[in-house]
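Sequence order for the protein chains is U and X. Take the first sequence: its letter number 199 is residue 205 in the working numbering, and every next letter is one higher. Take the second sequence: its letter number 15 is residue 86 in the working numbering, and every next letter is one higher. Beta carbons are placed, not taken as given, at the ideal position from N, Cα and C, and that holds for glycine. From a predicted model like this one, the values you see are computed outputs, not experimental measurements. Written below as structure tokens is the structure these notes are about.
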Amino acid sequence: MARLVVLGGGVAGHTTATFAAKWLGSQHEVVVVTPNAKWNWIPSNIWVGVGQMTKEEVTFDLAPVYAKAGITYHQAKAVSINPEGKEDSDKPFVTIEYTSADKAGQTETIEYDYLVNATGPKLNFGATPGLGEGSQLGEHTVSVCTADHAVHASEKLQEAIEKMKAGTRQKFLIGTGHGMCTCQGAAFEYIFNIEHELKKAGVREMADIKWISNESFLGDFGMGGLHMKVGGYVVSSKLFAESLFAERDVEWMIGAHVSKVDAGKIEYELLDGTTGEEEFDFAMLIPPFAGVGLKAYNKAGEDITDTVFAPNGFMKVDANYNAGAYENWKASDWPRTYQNPTYKNMFAAGIAFAPPHIISKPMSSPNGTPINPTPPRTGMPSGIIGKAVAHSVCDLMTKGEDAKLHEASMAEMGAACVASAGKGIFNGTAAAMTVYPVVPDFEKYPGTGRDTDYTFGEIGLAGHWIKHILHHLFIYKAKLNPGWTLIPE
Amino acid sequence: MSEKKLVEEEVNFQKNDAFSLTMIPGAFARKMRTCVIWQFIRFLVINIKMIIVVGKSH
Numbered sequence: 007m008a009r010l011v012v013l014g015g016g017v018a019g020h021t022t023a024t025f026a027a028k029w030l031g032s033q034h035e036v037v038v039v040t041p042n043a044k045w046n047w048i049p050s051n052i053w054v055g056v057g058q059m060t061k062e063e064v065t066f067d068l069a070p071v072y073a074k075a076g077i078t079y080h081q082a083k084a085v086s087i088n089p090e091g092k093e094d095s096d097k098p099f100v101t102i103e104y105t106s107a108d109k110a111g112q113t114e115t116i117e118y119d120y121l122v123n124a125t126g127p128k129l130n131f132g133a134t135p136g137l138g139e140g141s142q143l144g145e146h147t148v149s150v151c152t153a154d155h156a157v158h159a160s161e162k163l164q165e166a167i168e169k170m171k172a173g174t175r176q177k178f179l180i181g182t183g184h185g186m187c188t189c190q191g192a193a194f195e196y197i198f199n200i201e202h203e204l205k206k207a208g209v210r211e212m213a214d215i216k217w218i219s220n221e222s223f224l225g226d227f228g229m230g231g232l233h234m235k236v237g238g239y240v241v242s243s244k245l246f247a248e249s250l251f252a253e254r255d256v257e258w259m260i261g262a263h264v265s266k267v268d269a270g271k272i273e274y275e276l277l278d279g280t281t282g283e284e285e286f287d288f289a290m291l292i293p294p295f296a297g298v299g300l301k302a303y304n305k306a307g308e309d310i311t312d313t314v315f316a317p318n319g320f321m322k323v324d325a326n327y328n329a330g331a332y333e334n335w336k337a338s339d340w341p342r343t344y345q346n347p348t349y350k351n352m353f354a355a356g357i358a359f360a361p362p363h364i365i366s367k368p369m370s371s372p373n374g375t376p377i378n379p380t381p382p383r384t385g386m387p388s389g390i391i392g393k394a395v396a397h398s399v400c401d402l403m404t405k406g407e408d409a410k411l412h413e414a415s416m417a418e419m420g421a422a423c424v425a426s427a428g429k430g431i432f433n434g435t436a437a438a439m440t441v442y443p444v445v446p447d448f449e450k451y452p453g454t455g456r457d458t459d460y461t462f463g464e465i466g467l468a469g470h471w472i473k474h475i476l477h478h479l480f481i482y483k484a485k486l487n488p489g490w491t492l493i494p495e
Numbered sequence: 072m073s074e075k076k077l078v079e080e081e082v083n084f085q086k087n088d089a090f091s092l093t094m095i096p097g098a099f100a101r102k103m104r105t106c107v108i109w110q111f112i113r114f115l116v117i118n119i120k121m122i123i124v125v126g127k128s129h
């Protein structure tokens with residue numbers, strides 16, 4: 007019997023572990039190490055953040071699901087990896103530290119035959135002074151990155167609404183809290199949900215709403231923007247996004263690196279090198295992501311973290327990390343199997359893998375401050391990568407070390423993004439966007455880098471209904487209810 | 072004396088220089104976004120496209 011250890015229980019880790027457990031059966035063991043007791047459908051945190059859903063509607067307990075799947079579950083965080091074992095044993099192992107109430111702080115080692123690192127990101131609030139400390143959210147702004155953060159955001163929003171009803175004008179600032187953030191889509195969805203809720207509460211005229219982002223143009227979304235067919239034209243997402251903002255009377259500030267957060271005020275630097283301040287009464291600023299800080303040691307106990315992980319803390323995989331300047335970037339730089347090049351029994355899935363470079367055009371201010379979005383790899387890509395990695399590991403375990411690995415390049419996969427405003431069946435709208443492929447391939451699709459038959463975006467009730475369906479479908483799937491394998495990632 | 076002509080969707084162009092350089096949907100385009108019959112058709116079309124994208128991605 008061999009053992010697969012999956013670090014992380016988010017979209018990528020959960021997908022990897024559940025498919026591996028199903029395909030391997032009782033012949034092999036699947037172990038999940040995740041610090042959380044609950045699984046969270048993160049896209050719906052947006053609705054929690056405006057008070058339209060409760061935390062309970064977007065989360066569920068992991069333990070019974072893993073018990074049903076025959077998965078060994080440790081509520082703990084991974085601390086380090088010893089891929090060569092230790093002096094008296096060649097067996098690789100991970101060291102974990104429990105986070106559950108009954109064993110909090112206790113450490114343990116778990117040996118593995120195969121390891122999948124799907125730890126997701128560290129929410130690096132500490133990268134911006136005043137935004138937070140380490141991975142802890144600070145006191146001046148709110149976040150929708152976790153369900154608890156979203157509950158807190160909703161409470162603050164209600165306070166702001168009450169102030170407006172009492173006649174006090176409020177300034178809302180939504181976007182990214184650092185020059186190297188990703189996940190603009192979540193902030194994009196949140197700002198329009200805020201706008202919708204304020205309208206619904208009858209206080210829209212009392213609110214000034216502003217978008218602040220590290221994108222060099224509106225609609226970049228960390229993917230260098232996209233082009234879509236609309237009304238017989240092929241148009242840039244810049245026009246699509248700007249139109250949406252102008253229609254809803256939402257101002258924007260782009261190419262911005264938030265350098266400091268204080269009570270009611272941020273300081274920022276723009277791509278042209280100018281600096282400034284922006285006041286706010288309510289701010290939701292997404293933090294930058296980093297690796298979770300896993301360490302790695304060789305057989306002699308020497309630190310080999312730099313061998314296994316990139317400087318940003320994400321795990322190195324089969325990507326081309328030597329692509330050089332932007333002009334040399336190719337779709338083929340992106341990883342296909344997510345296997346670690348040094349230790350072939352280790353893989354990384356979802357946000358945990360180190361991308362070869364960003365997707366958007368790299369930008370920096372004249373002062374040398376990098377201000378550009380980092381690549382998105384959440385949601386659909388995370389799930390697809392997680393499943394491909396599960397496939398590979400299962401084949402290695404059952405067919406031997408020469409088994410062919412499964413591939414899932416982000417330059418050959420699409421992603422769907424539905425940013426919905428409102429939650430009612432008939433009174434909400436959504437911007438539904440699909441992009442194919444996520445990483446543009448200008449050799450295959452000269453001009454836009456993408457297939458414009460399958461890269462599209464439109465606004466309306468239809469996307470809103472899809473958002474509702476996705477919410478229920480993915481929670482149903484994650485709970486491993488009957489037929490869960492039929493629901494695509 | 073000229074009469075003021077107020078077209079609701081055009082008001083925002085004047086609020087911000089950046090707004091005036093983009094496009095804002097007119098009444099018909101906005102109506103279609105919430106027209107249940109049209110949106111049901113779009114729902115089918117978007118779903119079919121998304122399923123194709125999902126299929127191409129695996």
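Skipping 5 residues on each side, what residues in its chain have a beta carbon closer than 8 Å to that of U/K450?
A337
Cα-Cα, which of X/T105, X/V78 and X/G97 is closest to U/T435?
X/T105
Please report how far the alpha carbon of U/A159 lies from the alpha carbon of U/D459, in whole angstroms.
38 Å
Listed by chain order, chain U residues near X/I117 by CB distance under 7 Å:
A438, A468, G469 and I472
What's the C-alpha gap between U/P368 and U/I377?
8 Å
Interface partners of X/F90 on chain U, CB under 7 Å
A252
Residue nearest to U/P379 in terms of C-alpha spacing, selected from U/L137, U/A193, U/P98 and U/K61
U/A193
Extent of the continuous alpha helix (DSSP H) run through U/R210
No alpha helix (DSSP H) holds U/R210; DSSP gives it neither H nor E.
Where U/Q81 falls: helix, strand or coil (DSSP)
strand
Would you mind reading off the limits of the alpha helix (DSSP H) that contains U/C400?
M386 to K405
Whole-number beta carbon distance between U/A82 and U/Y24, since they are thought to touch under 8 Å
The sequence as given places Thr at residue 24 of chain U; Tyr does not occur at that position. About 19 Å separates the two Cβ atoms, so there is no contact after all.
Under the assumption that U/A355 contacts U/Y344 (Cβ atoms under 8 Å), give the Cβ distance between them as a whole number of angstroms.
Indeed, because the Cβ distance is near 6 Å, the residues count as touching under 8 Å.
Looking at the unbroken beta strand (DSSP E) that takes in U/G466, where does it start and where does it end?
F462 to G466
Need the endpoints of the beta strand (DSSP E) that U/R9 sits in, please.
R9 to L13
Is there contact here, the region 286 to 305 of chain U with the region 166 to 183 of chain U, by at least three beta-carbon pairs under 8 Å?
Counting C-beta pairs with one atom in each stretch, the region 286 to 305 of chain U and the region 166 to 183 of chain U have three or more that are closer than 8 Å, which means they touch.
Note down, in chain order, every chain U residue with its Cβ under 9 Å from the Cβ of X/Q85.
Near X/Q85 there are no residues of chain U at all, since even the closest Cβ is about 11 Å away, more than 9 Å.
Chain X contacts made by the region 392 to 409 of chain U, where a contact means CB separation under 9 Å
K393 and A394
I'd like the list of long-range same chain contacts for U/W490, defined as Cβ closer than 6 Å, with 5 residues on each side in sequence excluded.
K483
For the region 197 to 226 of chain U, which residues have a beta carbon sitting closer than 8 Å to at least one beta carbon of chain X?
Going along the region 197 to 226 of chain U in chain order, one finds no residue with a Cβ nearer than 8 Å to chain X.
For U/A213, which of U/N220, U/I197 and U/D226 has the nearest alpha-carbon?
U/I197
Between which two residues does the alpha helix (DSSP H) carrying U/N123 extend?
Counting along the chain, U/N123 falls outside any alpha helix (DSSP H), though it belongs to the beta strand (DSSP E) covering Y120 to N123.
Opposite U/E449 in the DSSP bridges: which residues?
According to DSSP, which records beta bridges pairwise, U/E449 is partnered with nothing at all.
Test item: CB-CB of U/A269 and U/F320 under 8 Å:
no
Can you tell me where the beta strand (DSSP E) with U/L276 in it begins and where it stops?
K271 to L276
Against U/W258, what residues of chain X qualify as contacts under a CB-to-CB distance less than 8 Å, listed in chain order?
When 8 Å is used as the limit between beta carbons, U/W258 is near these residues of chain X: A89, in chain order.
What did DSSP end up calling U/G497 once you bin it into helix, strand or coil?
The requested residue 497 of chain U does not occur in the structure, where chain U is confined to residues 7 to 495.
For U/P49, is the classification buried or exposed, using 16 other Cβ atoms within 10 angstroms of its Cβ as the cut-off for buried?
When all chains shown are included, U/P49 counts as buried.
Closest residue to U/W45 among U/G173, U/E275, U/V71 and U/E35 (Cα-Cα distance):
U/V71
From U/Y239, U/A84, U/L245 and U/K216, pick the residue whose C-alpha is nearest to that of U/V256; which is it?
U/K216
U/F462 versus chain X: which residues are under 7 Å apart at the beta carbon?
K120
Closest to X/I95 by CA distance: which of X/M103, X/N87, X/K102 and X/N83 is it?
Among X/M103, X/N87, X/K102 and X/N83, the Cα nearest to that of X/I95 is on X/N83.
Of all Cβ atoms in chain X, is any one closer than 8 Å to the Cβ of U/M234?
no
Assign U/Y104 to one of three DSSP states: helix, strand, or coil.
strand
Taking the alpha carbon of U/T113 as the reference point, which residue from U/D96, U/H80, U/V122 and U/Y120 has its own alpha carbon closest?
U/H80
Beta-bridge pairing of U/A354 - partner residues as DSSP gives them:
U/N123
Which residues does DSSP list as the beta-bridge partners of U/N88?
U/F99
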